[in-house]
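Counting in my numbering, the sequence shown tops out at residue 154, every number present.
Using N, Cα and C, we set each Cβ at its ideal position, and we do this for glycine too.
Quick notes on the structure that follows.
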Amino acid sequence: MEENIIVEKVRELTSRLLSEAGVELIDLTYRRESGGMVLRFAVDKAGGITIGECGSLNRQIGGILDEANTIEGPYSLEVQSPGLDRKLVKTSDFERTIGEDIYVITYGPVENKREFTGKLKWVGEESIKIEFPSGDEVTIPRNMIAKAKLHFEF
1 MEENIIVEKV
11 RELTSRLLSE
21 AGVELIDLTY
31 RRESGGMVLR
41 FAVDKAGGIT
51 IGECGSLNRQ
61 IGGILDEANT
71 IEGPYSLEVQ
81 SPGLDRKLVK
91 TSDFERTIGE
101 DIYVITYGPV
111 ENKREFTGKL
121 KWVGEESIKI
131 EFPSGDEVTI
141 PRNMIAKAKL
151 HFEF
């Protein structure tokens with residue numbers, strides 16, 4: 001069975017569990033890596049997800065998949081948080097980071113710039129608004145965003 005078909009079946013089988021746990025599925029992949037096939041869930045929830053919660057979800061998801069017998073052959077199952085460097089793509093990704101510093105690269109110039117770092121102030125379906133440390137703001141059309149992620153200074 002093709003990887004994308006497996007991913008969709010797994011998504012269907014686990015959506016109820018994830019919803020009931022108050023967890024958002026950020027990414028789901030099934031691919032060959034050096035140790036064999038890996039099914040990887042990246043999950044998050046408001047306030048962040050703990051290692052213990054990832055472990056519990058791993059056991060529950062494993063049980064669901066074993067019962068459904070969806071994946072033939074051996075594979076590794078991983079449930080993890082999306083990490084600090086996670087990309088912001090969906091509206092919910094941006095909404096979760098309102099008030100946080102983000103870094104955005106655009107496909108083309110927006111107010112004569114292509115890179116922006118500042119506090120995410122507002123999110124809409126069509127655009128986002130970033131406030132710079134100076135207090136100035138810029139509105140960036142969502143269709144112009146090539147890459148967006150949280151920005152951390154260490």
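So, at 6 Å on beta carbons, what are the nonlocal neighbours of Lys196 in its own chain, with the 5 sequence-adjacent residues on each side left out? In the structure as shown, the chain begins at 1 and stops at 154. Residue 196 is therefore absent and cannot be evaluated.
Could you check what DSSP says for Phe132 in three-state terms: helix, strand or coil? coil
Measure the Cβ-Cβ separation of Val43 and Ile49 and say whether it is below 7 Å. yes
Run through DSSP, which three-state label would Ile26 get? It is a strand residue.
Among Ser76, Gly73, Leu65, Gln80, nearest to Val10 - alpha-carbon criterion: Leu65
Give the secondary structure of Asp85 by DSSP, where H, G and I count as helix, E and B as strand, and everything else as coil. coil
Exposed or buried, Thr106, counting other C-beta atoms within 10 Å across all chains shown (16 or more means buried)? buried
Starting from the Cα of Asn143, find the closest Cα among Ser134, Gly135, Glu125 and give me that residue. Glu125
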